[in-house]
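Inspection log for the structure reproduced underneath, given as structure tokens.
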Amino acid sequence: MSTNNESSVSHRTATSMRDLLCGELRSEHIGQVVRVCGWVARRREHGEHLAFVDLRDHTGIIQCVVDGSTDVRSEYVVQITGTVRPRPEGTLNDALDTGEVEIGDCRVEILSVAEPPPFGLEDRSEVDEQIRLRYRYLDLRRPRMQRNLRLRAAVNRALRSAMDRQGFVEVETPILWAPTPEGAREFTVPSRLHNGSFYVLPQSPQLAKQLLMVGGIDRYYQIARCMRDEDLRADRQFEFTQLDLEASFVTQEDVMAFVSEAVLDAAEVATGVRPGAIPQITWHEAMDRFGVDKPDLRVEIELTDLSALFAESEVRAFAAPVVKALKIPAGAAFTRSKLDALTDTAKALGAKGLAWFRVQDAGKLDSPLDRFLNEQEREGIVTATKAESGDLVLVVADEWRLSVEVLGALRAQLLSPPVGEGEARYVWVMDFPMFDGVDGAGNPISAHHPFTMPHPEDFELLKTDPLKARSQAYDLVLNGWELGSGSVRIHRPDLQSEVFSALGISEEEAEKRFGFLLGAFRHGAPPHAGFAFGIDRLVAIFTGADTIREVIAFPKTQSGTDLMTQAPSTISNSALLELGIRTITKES
RNA sequence: GGACCUGUGGUGCAGCCUGGAGUGCACGCCGCCCUGUCAAGGCGGAGGUCGCGGGUUCAAAUCCCGUCAGGUCCGCCA
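Numbering (my numbering), first residue to last: -18 to 569.
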């Protein structure tokens, strides 16, 4: 974490007001008269003849010595002029990069006074996030946020450089876009010139970038803001930033190579180490082994299949197509109420129940179900999961999808460390299903989006058994977080019609929603594919943060408010009138 | 829409289970002292709607109900 922030770009730090940055001062500057500017981090008065002022800017802290008293207080903004000199023997400070020197004979000019800050601006002072967000401009002054935002800038720089090197051209797409009722809920913008009509903020530049392919751009990328009016989470804000890209005359392998190059470059810049090639697994394998489509490969333990063991079993709870097990090391110590809570979690996810077995000495099992097991089953549970004394084995018996998903959720909840901890484990997840269940009308739901190209082997399944069809869609996953996803797009109108038909979207409906895209495709669309991944998430993991708010300068709270600006807020009646908008109060 | 956690001087906490004077700790703040500190040190001081409203009780930071705010998660996020 040291190679990144000092940017490789050399730039002029001296200005008309300062000669050097606080953190830059070293022995080589001894003897020079310098001017530095910054905030007063701390003042130490020793009577009326000696005072120390620790001056801070984004590069660090330098100790300034004043021969006399000084009336500066914490966070005053000052310009200090003095002579760089070695610290007296025995007073060097190893904790500071500048600790071998100090600025002596200082003259302090106050540029701004400051109220006492509501909280300490050192990294070590822990402050509730609510307070940090209310005074975000002070929080940003702290070293951790300075580091995070500068790391983010370095990552952006690496991404741009990688895309540029690979022949991609940066194109900006509209922020004011047309409503396309499909997918994530959009933010709506009323039109002043066309009262009663609305723009929306793009949930992603998806359609725009496909039109750029029709437009012959060949390789497009953008560091793009996306807006989705959906509920917020630790890894989700209304607004987030993606590296968005699309390329023509490519296969999914080409796109994955482009993305890998960019991500590995960014990782190298951020961590100093270039990760190895990113492994690939199929969606089915991910679900079967880890129970999720975004597996955390830092966790060694996988799901164990016990279907064969219980195929002929008398145990009625395990009479199901699939029986899956998950070992929780040292889980035998879980209390009964904890196990009950886990059972509730499993049921909330759709399981009929959750069987648990505490593994005791000599392979004995402690479980309400133990008395129903025969010796072979008892042994099988322990050997198949490689459980040892003190471990816990959780078992779910149901349809395949449900069994693996329930245990996958428990695996993530019980075994995954915080996302930013430990090594970074990337994985490509391939061959997603085309459709993910059916809607109320019995029509399949697009797993990715309706322009996703089916898997070449599964074209026929579209008509015969669409829910079994795979797509050419792929996700990039890091430590259990979905970084992003992409797909090969459909560029042939006939195939697009088939997919719309499978989705239960009529020709008229398709024309109404996506007419401009379908029209473009009738004018010569190159085969194309693309990807987009979340930069907030990537940088959060690089910094070791467990929420993307730590890498966003001005994030919103979980309820979508801004504690600093008080947004969202009402607007004047005249503003509403101009927009042709009337507000209503919802009945409670 | 739902579940759970949190809310006590400026900040971070303890106190709550088991009701008894807003009682305590650390940091910060203000004043005085202090010529080599660096999370300086010494002495003194100020600072409180215990998120808000209601209820129970002789008595509520503490118990109950509601509500607001923040967080984690489910739903949602093609």
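Beta carbons are placed, not taken as given, at the ideal position from N, Cα and C, and that holds for glycine.
Taking a contact to mean a Cβ-Cβ separation below 9 Å, would you say residue 347 touches residue 339 in this structure? yes
Sorted by chain position, which residues of the same chain lie with C-beta nearer than 6 Å to residue 168's C-beta, five sequence neighbours on each side aside? 182, 208 and 210
Going by alpha carbons, who is nearest to residue 288 out of 304, 187, 46 and 454? 304
Which residues mark the beginning and the end of the beta strand (DSSP E) in which residue 169 is found? 168 to 171
Assuming residue 327 is part of the alpha helix (DSSP H), what are its boundary residues? 317 to 329
Touching or not, the region 363 to 375 and the region 281 to 300, by the rule of three or more beta carbon pairs under 8 Å? yes
To which residues of the same chain is residue 491 closer than 6 Å at the C-beta, ignoring the five residues directly before and after it? 481
With DSSP collapsed to three states, give me the class of residue 404. coil
Please report the straight-line C-alpha distance between residue 38 and residue 89, rounded to a whole angstrom. 16 Å
Here's the rule I'm using: 16 or more other beta-carbon atoms within 10 Å means buried, otherwise exposed. How should residue 319 be labelled? exposed
Of the choices 410, 214 and 449, whose alpha-carbon is the least far from that of residue 426? 449
Integer-rounded CB distance, given that residue 414 should sit under 8 Å from residue 470: That belief does not hold up - the Cβ atoms of residue 470 and residue 414 are roughly 17 Å apart, past 8 Å.
If you draw a straight line from the C-alpha of residue 16 to the C-alpha of residue -1, how long is it? 5 Å
Is it right to say residue 30 is buried, meaning 16 or more other beta carbons lie within 10 angstroms of its own, or is it exposed? exposed
Looking only at its own chain, which residues have a Cβ that is under 6 Å from the Cβ of residue 539, when we skip the five neighbours before and after it? 213
When DSSP builds the beta bridges, which residues end up paired with residue 411? 263
State yes or no: is the C-beta of residue 152 within less than 9 Å of the C-beta of residue 501? no
Pick from 240, 361 and 264: whose alpha carbon is nearest that of residue 514? 240
Does the beta-carbon distance from residue 377 to residue 388 come in below 9 Å? yes
Simplified DSSP assignment, three categories, for residue -15: Note that residue -15 scores a pLDDT of 41, beneath 50, so its modelled location is shaky; the value from the coordinates is reported in the next line. Coil.
Where residue 93 sits in the DSSP three-state scheme: strand
Work out the CA separation of residue 219 and residue 22 for me, nearest whole Å. 35 Å
How far does the alpha helix (DSSP H) with residue 61 in it reach, from first residue to last? From DSSP, residue 61 is part of no alpha helix (DSSP H) but of the beta strand (DSSP E) over 58 to 67.
Close-in-space but distant-in-sequence residues of the same chain around residue 114 (CB under 6 Å, 5 per side omitted): 544
Between the region 454 to 472 and the region 430 to 438, are three or more C-beta pairs nearer than 8 Å? yes
Helix, strand or coil at residue 116 according to DSSP, with G and I counted as helix: coil
Quick one: what does DSSP say residue 463 is sitting in, helix, strand or coil? strand
Compare the C-alpha of residue 247 against each of 562, 530, 521 and 558 and name the closest. 521
Tell me which residues share the same chain as residue 327 and place their Cβ nearer than 6 Å to its Cβ, disregarding the 5 neighbours each side in the sequence. 335 and 387
Residue 33 to residue 14, Cα distance in whole Å? 18 Å
Look at the alpha carbon of residue 180 and the alpha carbon of residue 223, and state the distance between them as a whole number of angstroms. 21 Å
Is it right to say residue 439 is buried, meaning 16 or more other beta carbons lie within 10 angstroms of its own, or is it exposed? buried
How close, in whole Å, do the beta carbons of residue 184 and residue 498 come, if the pair is a contact with beta carbons under 8 Å? Between residue 498 and residue 184 the Cβ distance is about 15 Å, and since that is not below 8 Å, they are no contact.
Could you give the DSSP three-state label for residue 457: helix, strand or coil? strand
Curious, which full-length beta strand (DSSP E) runs of at least 3 residues does the region 417 to 457 contain? 425 to 427
According to DSSP, simplified to helix, strand and coil, what is residue 84? strand
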